[in-house]
Structures are given as C-alpha cells and as structure tokens.
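Going letter by letter, the sequence shown gives residues 29 to 530 in our numbering. Here a beta-carbon is modelled for each residue, glycine too, at the ideal position from N, C-alpha and C.
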Amino acid sequence: MKINIKYILISTLAISITVGCKKDFLNQTPEATIVGDNFFKTETDIKQAVNGAYSSLIGMGLTSYWLFGEMRSDNTTYQYNGTDRGLEQREFVDEFLSSATAPPIQQYWQESYTAIAHCNDVLDHVGKISMSDAAKNQYTGEAELLRGFHYFNLVRQFGGVPIRITSTQSPGDARSKGRATEADVYKQIVADLTDAATKLPAKYTGADIGRVTQGTAFTLLGKVYLTQKNYADALTALRKVTALGYTMLPDYKNVFDPANKNNSESIFEIQYLGSQNGLSSNFLYQFAPWTSGSTVTGDPGTNLGSGNGYNIPTQDMVDAYEAGDIRKDASLSLSFKDPTSGKVVPYVIKYNHGFVDRGKTNDDFPILRYPDVLLMIAECLNEQGFAAGGEAFNLLNQVRTRAHLPAKTAGNTDAALNVSNQAAFRDAIFQERRVEFAFENHRWYDLLRTGKAVEVMNAHGVRQMAQFSTIPAGSYKVTTNKLLLPIPQREVTLDNLTQNPQ
Numbered sequence: 029m030k031i032n033i034k035y036i037l038i039s040t041l042a043i044s045i046t047v048g049c050k051k052d053f054l055n056q057t058p059e060a061t062i063v064g065d066n067f068f069k070t071e072t073d074i075k076q077a078v079n080g081a082y083s084s085l086i087g088m089g090l091t092s093y094w095l096f097g098e099m100r101s102d103n104t105t106y107q108y109n110g111t112d113r114g115l116e117q118r119e120f121v122d123e124f125l126s127s128a129t130a131p132p133i134q135q136y137w138q139e140s141y142t143a144i145a146h147c148n149d150v151l152d153h154v155g156k157i158s159m160s161d162a163a164k165n166q167y168t169g170e171a172e173l174l175r176g177f178h179y180f181n182l183v184r185q186f187g188g189v190p191i192r193i194t195s196t197q198s199p200g201d202a203r204s205k206g207r208a209t210e211a212d213v214y215k216q217i218v219a220d221l222t223d224a225a226t227k228l229p230a231k232y233t234g235a236d237i238g239r240v241t242q243g244t245a246f247t248l249l250g251k252v253y254l255t256q257k258n259y260a261d262a263l264t265a266l267r268k269v270t271a272l273g274y275t276m277l278p279d280y281k282n283v284f285d286p287a288n289k290n291n292s293e294s295i296f297e298i299q300y301l302g303s304q305n306g307l308s309s310n311f312l313y314q315f316a317p318w319t320s321g322s323t324v325t326g327d328p329g330t331n332l333g334s335g336n337g338y339n340i341p342t343q344d345m346v347d348a349y350e351a352g353d354i355r356k357d358a359s360l361s362l363s364f365k366d367p368t369s370g371k372v373v374p375y376v377i378k379y380n381h382g383f384v385d386r387g388k389t390n391d392d393f394p395i396l397r398y399p400d401v402l403l404m405i406a407e408c409l410n411e412q413g414f415a416a417g418g419e420a421f422n423l424l425n426q427v428r429t430r431a432h433l434p435a436k437t438a439g440n441t442d443a444a445l446n447v448s449n450q451a452a453f454r455d456a457i458f459q460e461r462r463v464e465f466a467f468e469n470h471r472w473y474d475l476l477r478t479g480k481a482v483e484v485m486n487a488h489g490v491r492q493m494a495q496f497s498t499i500p501a502g503s504y505k506v507t508t509n510k511l512l513l514p515i516p517q518r519e520v521t522l523d524n525l526t527q528n529p530q
C-alpha cells in the first residue's frame, strides 16, 4: 500500500530551522554549547527529533549497509572500472584489503554514532516535555529501538565499541570511556530493545505507517539472541511476532514493488521518497553495470561511471538457486552483456522498478521481513532438538512453497530434498536464508554468527581470483582477525581506542 512519509522530509529540515528560530537574535547561546535544552519545548519538537533519528537510515541505506552487509560476503562483488579508480576503497571492502584509514569504514562509524546521538537527544529530553503517556512511550520506544539497531550493527562489524547513551552537552563530553566489551554492548542492545517492545504500538495507521513497531522490537531482539546462541530467549521473542498478524505476500516479487511499501510481511524497512531531493533511493543506478548505459536503468539522461557497478551478484550467488526458484528472476538478472568483453554481467533487479526523476527512485530497502521470523524460529527449534516432520520443517517449507519449490523432508527419496538430522537442517536453513534474503544485507551477518565466514570467504576468494585477473594480490586472505573491521584510525587517535588486530 502507498504511504505518506512526509515525516522523513520534515526530519532533516525542521530541527535546524526550529532551533534557529527559537534563538533570540541578541541573546544567543555560545556556539561551543549544545542547544538541546533550548530546542526541546513541546511534543512537536520531540517528534521532529525522532523523525531526525529515522532520517539517519536514509543515507546509511544508500551505501554503508549493502557495502558491509552484502558486498563483504560471497553474495556480491563489483564490476571493475579500469578508466575511473575513484572508488577503489569500496573494492577493498569486498576484497578484505581495507585499512583503518579507509573512508568507507570511517563513514560507517561516523554515520552510526551520529544516528545514535539523535536517539540520545530524544531519550534525554522526552521525559521533560508535557505529553500523553502513549506519545511519550512511542517516542521513547522508537529512539531505543533505533539506538539498539545501530549498536547491533556496530558490535557485529567492530566488536566492542564505545557505548554512548546520553547526549553530548559540551566539548568536554566528546571523548568516550573507551571501548566496552562485546558483552556489555549486547547488554545495552537487549535493554534498549526489551524496553522498546513494552512501549511501542503493535501497528500504526495513516501517515505513521512505516515507523518501527512492537513487531520490529521483538524481531530484532530475537535476532540478537539468535546471534548470541541464546535459542530459548530468541524463540520467546520471535513467538510474540507471530501473534501480531504478519503474513507473507503470495508473490515474492511483489514484496519489493514500491506500490506495496510496508506490506503485510514488512517488519522494518528504510523509507524512501523518490520525488524528494535527499529522500530518494538510487539502488537502480548503483547496482547497474557501469558499462550498461541506459539499458538497465532505462534512464538515457543519467551517465554511468565510477558510482555504478556495485553489489554485482557473484557466480556463487547465481548458482545458489535451485531450478524453478522464482526468487532468482525476482532478485537478479543475467540479461546484460558487457559490450567490450561480450560476457554476461549479472545485476540486482530486486530494487529495479524504474525511476521517478533523473537519478531518483522510490524503492524502499527492507531490513526485516516476516519470512526472517519464520526461518529464525525454525533454526531455534532445530538447535533445541531435531524433530523429523516437526514445526521447524513446516516453517522452512512455508518459505519454500512461496518460491515454488518442493518441500524438504526427513527421509525424502530425492537426496537434494532429504534433511535427515540436525546438521542437515542447519544447512537447509542457511541455504534458504541466502536465497530468500539475497541483496537484503543479511548474508555477511549469517556467515559470522554461524561460524562459516572464514571457510566460505576463503573458498569464495579462490573462485573470484580465478575468474577476475584485476583482483589485487593478497585479496581474500580471510582470518579470524579479519572478521572485524579495523577501528577508524581517526577514532583510535582522538578517542584513544584500542585497535582491532588485523
């Protein structure tokens, strides 16, 4: 269904405008002092700040999330551009060659902590403003959930990171207390998500559709517990999601159509508005082969170059689909041949629904969908004990049925469909997650939490280097140390943080 997401447009403009208007021209607060207490006076101010917290997702969704969640995995790579090497650092992320001074890593860190700061501003001031309990709970829950989400991404990418849960009120507050342990970061994440789940509504109506809900909180909490291998608590959280009325759409392809934004299986998606500067998406362009001209984008007015040809599906990914899986044609295309080499260059088609204006598209980006809940529940049940023909099989096969694939069962006469023990079911879930959530930034995190990242990525690297002669020597030498990104050198220097070994 179509939704009104004007609140995101407000978010990036209204806060700065309102702060400026509320200053008396002759009685201004010193520039070195944060003006949060001067700004937050009404419920409208709080809502604008919450909207600002959502707006942080827009920029991160356009690059950082897929660069570190998808391209760092065996799902996608890049199309080499020998004529313009301006974004070589993105290639290094894919090849495990990034250093602590890499701009994409610094950008990811800064964007995450800026987003966390927006959440902290809300949480530090929401209790001081007169409003209904329902409104106060909603705004608190939204800020807590978003903060927990950002810390969840940070801890999986960097390990223990500084925990900031209050606003920076002066330059003296800028330095952190140093890196917290991973356990403490997870403790903060669980606290944020648990409280958010008690405060957020189950659903919204009207212009508020698209905001995070109770279902978002429980789904994310279940994923956090699953990552920690706490299967009992993960199952408890995920069971609560199934009671909230989510359902899978009958047609997989329709899930990603902009006409169906925030549909019945959407639990959390980044909201984009194609008609507005700064609010539109552009995945259609970034994921198009840079040599494809207007063939892939359909936009003769936009030139392609160094900013295109990313998140290109690997041969590993192309081969991952079973025969007859409708998700393949809904997710990637093999229709483009490079005019120079004559070779097929796959590209992501999942977010290819045309453009609204030059360089602008209206595609949202999914973060959490209901099939994720079903497969996580199935995984938890299997980890608690394999049961041939049990609920875990039913949940797995619900997802497969929509993809027009036959059921997997214990004792199946077809070896490809036979799942006869706990280890085999783990493999079945791992495979199903890959094709169901292709290009949705789950793959790298699934590799990490299942302990498969080193083995899978080294094998993937061998295949990549055999296929492409342009890959630098030393690429894809993946060790346990390489699973965490280096802390940006700027942060190590200015905040006296301990560096991750590389």
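Check: Our contact map puts residue 417 next to residue 409 with C-beta atoms below 8 Å; I'd like the distance itself, whole angstroms only.; Outcome: Actually they are not in contact, since the Cβ atoms of residue 417 and residue 409 sit about 12 Å apart, beyond 8 Å.
Check: Can you tell me which of 119, 87, 113, 523 puts its alpha carbon nearest to the alpha carbon of residue 499?; Outcome: 119
Check: Does the segment 389 to 401 come close enough to the segment 268 to 284 that 3 or more CB-CB pairs lie under 8 Å?; Outcome: yes
Check: Looking only at its own chain, which residues have a Cβ that is under 7 Å from the Cβ of residue 202, when we skip the five neighbours before and after it?; Outcome: 196
Check: Quick check: the Cα distance between residue 430 and residue 451, rounded to an integer number of angstroms?; Outcome: 24 Å
Check: Can you list, in chain order, the residues of its chain with a C-beta nearer than 7 Å to that of residue 71? Leave out the 5 residues immediately preceding and following it.; Outcome: 157, 159, 163
Check: Give me whichever residues DSSP pairs with residue 239 in a beta bridge.; Outcome: 237
Check: With a threshold of 16 other CB atoms inside 10 Å of the CB of residue 54, please say whether the residue is buried or exposed.; Outcome: Low confidence applies here, because residue 54 scores a pLDDT of 37, under 50, leaving its location unreliable and the question unanswered by this model.
Check: Skipping 5 residues on each side, what residues in its chain have a beta carbon closer than 7 Å to that of residue 177?; Outcome: 248
Check: Please return the same chain residues whose Cβ sits closer than 6 Å to the Cβ of residue 93, not counting the five positions on each side in sequence.; Outcome: 469
Check: Relative to the alpha-carbon of residue 285, which residue among 383, 209, 73 has its alpha-carbon at the smallest distance?; Outcome: 383
Check: What does residue 393 pair with, by DSSP beta-bridge criteria?; Outcome: 298
Check: In the segment 319 to 374, which residue ranges form an unbroken alpha helix (DSSP H) of at least 4 residues, counting only runs that do not cross its ends?; Outcome: 343 to 346, 355 to 359
Check: So, with DSSP's three-state summary, where would you put residue 376?; Outcome: strand
Check: Would you kindly check if the distance between the Cβ of residue 515 and the Cβ of residue 175 is under 9 Å?; Outcome: no
Check: Could you have a look at residue 442 and say whether DSSP puts it in helix, strand or coil?; Outcome: coil
Check: Helix, strand or coil for residue 257 per DSSP?; Outcome: coil
Check: Leaving out the 5 sequence neighbours to the left and right, which residues in its chain are closer than 6 Å to residue 140 when beta-carbon positions are compared?; Outcome: 178, 182
Check: Can you find the residues in the same chain that come closer than 7 Å, C-beta to C-beta, to residue 101, ignoring five residues on each side of it along the sequence?; Outcome: 471, 472, 475
Check: Quick one: what does DSSP say residue 142 is sitting in, helix, strand or coil?; Outcome: helix
Check: From residue 124 to residue 505, what distance separates their C-alpha atoms?; Outcome: 7 Å
Check: How is the beta strand (DSSP E) around residue 106 delimited, first residue to last?; Outcome: 104 to 106
Check: Once the 5 residues before and after residue 527 are set aside, which same chain residues still bring their CB inside 6 Å of it?; Outcome: 515, 520
Check: Beta-carbon within less than 6 Å of residue 75's beta-carbon, same chain only, minus the 5 sequence neighbours each way: which residues are those?; Outcome: none
Check: According to the Cβ coordinates, are residue 477 and residue 254 closer than 9 Å?; Outcome: yes
Check: Can at least three beta-carbon pairs, one atom from the segment 303 to 310 and one from the segment 375 to 390, be found at a separation below 8 Å?; Outcome: yes
Check: Does the Cβ of residue 121 have 16 or more other Cβ atoms within 10 Å, making it buried, or fewer, making it exposed?; Outcome: buried
Check: Measure the Cβ-Cβ separation of residue 169 and residue 240 and say whether it is below 9 Å.; Outcome: yes
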